[in-house]
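**Q** Okay, handing you the structure first.
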Amino acid sequence: MIMEIWYVWVFIISFLSVSVGNWIYRWRNPKCKGKLPPGSMGFPLIGETLSFFVTSNSIDMHPFVNERLKRYGPLFKTNIAGRPVAVSSDPEFNYFVLQQEGKLIELYYMDSFSQTVHNDNLSNLGGYFQRYLRRSILRHFGHEPLKRKLLSELEDVINHEVHKWTNLPEVDVKLQTVPKKRKAIKLTTWVLEERMKGYSYDNSAEGCNKKGDFLDEVIGDIGKEAFLTKEFVPYLLFGLLLATVETISPTVTLATMYLLDNPSALQQLTEEHEEILKNREDANSGLVWEEYKSMTFTRYVINETLRLENVLPGMLRKVIADIHVDEYTIPKGWILLVMPTALHLNPNIYEDPLTFNPSRWKNIGSNGMAKNFMPFGGGDRPCAGAEFSKVLMAVFLHVWVTKFRFTKVKGGNIVRAPILGFPDGFYVNVSRKHC
């Protein structure tokens, strides 16, 4: 009897050992119709997730990427949060693959996001949702709206907000350029509720068309677009609010920090904007589009800040058809992480890449920028908010150097985890200029 029980346990343990061993082998060697890129899939279930989120106290590339690029080259495989991922820093491949949206790749919405918004169909809509959102954003925040009215409105808002900083002994630039989340959520919820009162389910949406802004358009399209529901719209708005705040705010902070640490660059910037004021017929008039387009050194400052910043670790895309690159295959269903950071901080592309040097952009042509500079994505559909972000940055810099003085007080340490952050803030003292 004892021997029989012993044999049973031996069989169970052997079976489990073989099963677990087979499972681990399949985890580390995913199915592929070709040769997978080099790399490691990490531990079962968690992959290399913990290493990916380790904090790094440097503006340089996150060690997770840096170490693997040195070990495996510009294309490697990994596993993050249980998902097989191919990571690419190859400029030629990245440029090519971002042109293939809808053919080889599509925008990736994390499963948790689809579940959160109760819209499981979102990830199955391909690029349709992205195209709809892009058209709507450009219609209300693109080139024409910026030129027609938003430029002057942004100047008024920024001037008003920065003026309030003069009443404080010191301000954290990162914190002050982020709307108070609770207040923003409360205000957005109230506005949404008020607008929704004008919405009628017969799709006439008469009350929603009175103002004709972005929110009115989205609410008016409820029922007309498969993914737009009354429940989904709030998540869409909060998602856009979060995406805007969490990218523009660190950009403003980093630009402020670098300029205060580089007096010569700040002086060049100031001279450019003082020249704009000098050439005005009416000294009290606001910014106009022609003045914005004339801000050459300002564009250099913005580009250099965006190059060094790299707020997010990369661009996520879902592979919808096997991708063949050199001798490797990236299988359908995998996630592709395109890494602009590896291009932006590559010493073979940018001399002394960790140094803030706006003047380097004098010698960088459009061809070099197309493949080696992708702060707003690439391909046929780069970020719809790209021009809005650059205009906002330019207006902030204009208001700062023409009307205020910033003096560094404390802070300025940078971390990547892997998203860029300022753990101890960046504090400045702000005072009015007396001309």
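Counting in UniProt numbering, the sequence shown runs without a single skipped number right up to 435 at its last residue. C-beta: ideal position from N, C-alpha, C; glycine also.
#1: For the candidate residues Gly82, Lys371, Ser89 and Gly377, whose alpha-carbon lies nearest to that of Asn66?
#2: Which residues in the same chain as Pro91 place their Cβ atom closer than 6 Å to its Cβ, once the five residues preceding and following it in sequence are excluded?
#3: Alpha carbon to alpha carbon, how far is Phe404 from Gly223? Give it in angstroms, no decimals.
#4: Thinking C-beta only, is Glu155 closer than 8 Å to Val399?
#5: Is DSSP giving Leu75 helix, strand or coil here?
#6: Here's the rule: buried if 16 or more other CB atoms are within 10 angstroms of the residue's CB, otherwise exposed. What is Ala321?
#7: Considering only DSSP beta bridges, list what His324 is partnered with.
#8: Here's the rule I'm using: 16 or more other beta-carbon atoms within 10 Å means buried, otherwise exposed. How should Gln99 be labelled?
#9: According to DSSP, is Ser40 helix, strand or coil?
#10: In terms of residue numbering, what span does the beta strand (DSSP E) encompassing Pro429 cover?
#11: Looking at the unbroken alpha helix (DSSP H) that takes in Met257, where does it start and where does it end?
#12: Closest to Ala265 by C-alpha separation, out of Pro423, Val401 and Lys230, would be which residue?
#13: What residue range does the beta strand (DSSP E) around Pro375 cover?
#14: DSSP three-state call for Ser88: helix, strand or coil?
#15: Residue 443 by DSSP, collapsed to three states: which one?
#16: Please report how far the alpha carbon of Leu133 lies from the alpha carbon of Phe227, in whole angstroms.
#17: With which residues is Leu420 paired in a DSSP beta bridge?
#18: Just to confirm my understanding: we take Ile323, look at its own chain, exclude 5 residues before and 5 after, and list those with CB closer than 6 Å. What are they?
#19: Using only the alpha-carbon positions, how far apart do Leu312 and Lys433 sit?
#20: Using 8 Å as the threshold, is the segment 422 to 429 in touch with the segment 406 to 413, meaning 3 or more CB pairs across them?
#21: Could you say which of Pro38, Glu291 and Asp261 lies nearest to Pro275 if we only look at CA atoms?
#22: Beta-carbon within less than 6 Å of Val338's beta-carbon, same chain only, minus the 5 sequence neighbours each way: which residues are those?
**A** With the given structure in hand:
#1: Ser89
#2: Leu343, Lys371 and Asn372
#3: 48 Å
#4: Closer than 8 Å, so yes.
#5: Correct three-state label for Leu75: strand.
#6: exposed
#7: Thr329
#8: exposed
#9: coil
#10: Residue 429 is actually Asn in this sequence, not Pro. Counting along the chain, the beta strand (DSSP E) containing Asn429 begins and ends at Phe426 to Arg432.
#11: Phe232 to Asp261
#12: Val401
#13: Premise fails: Pro375 is in no beta strand (DSSP E) and is neither H nor E.
#14: strand
#15: One cannot answer for residue 443 here, as it falls past the ends of the chain, which runs 1 to 435.
#16: 11 Å
#17: Arg416
#18: Around Ile323: Leu104 and Ile330.
#19: A straight-line Cα-Cα distance of about 35 Å links Leu312 and Lys433.
#20: yes
#21: First, the amino acid is wrong: residue 275 is Glu here, not Pro. Cα-wise, what sits closest to Glu275 is Glu291.
#22: Closer than 6 Å at Cβ, skipping near neighbours: Ser88, Asn94, Gly314 and Met315.
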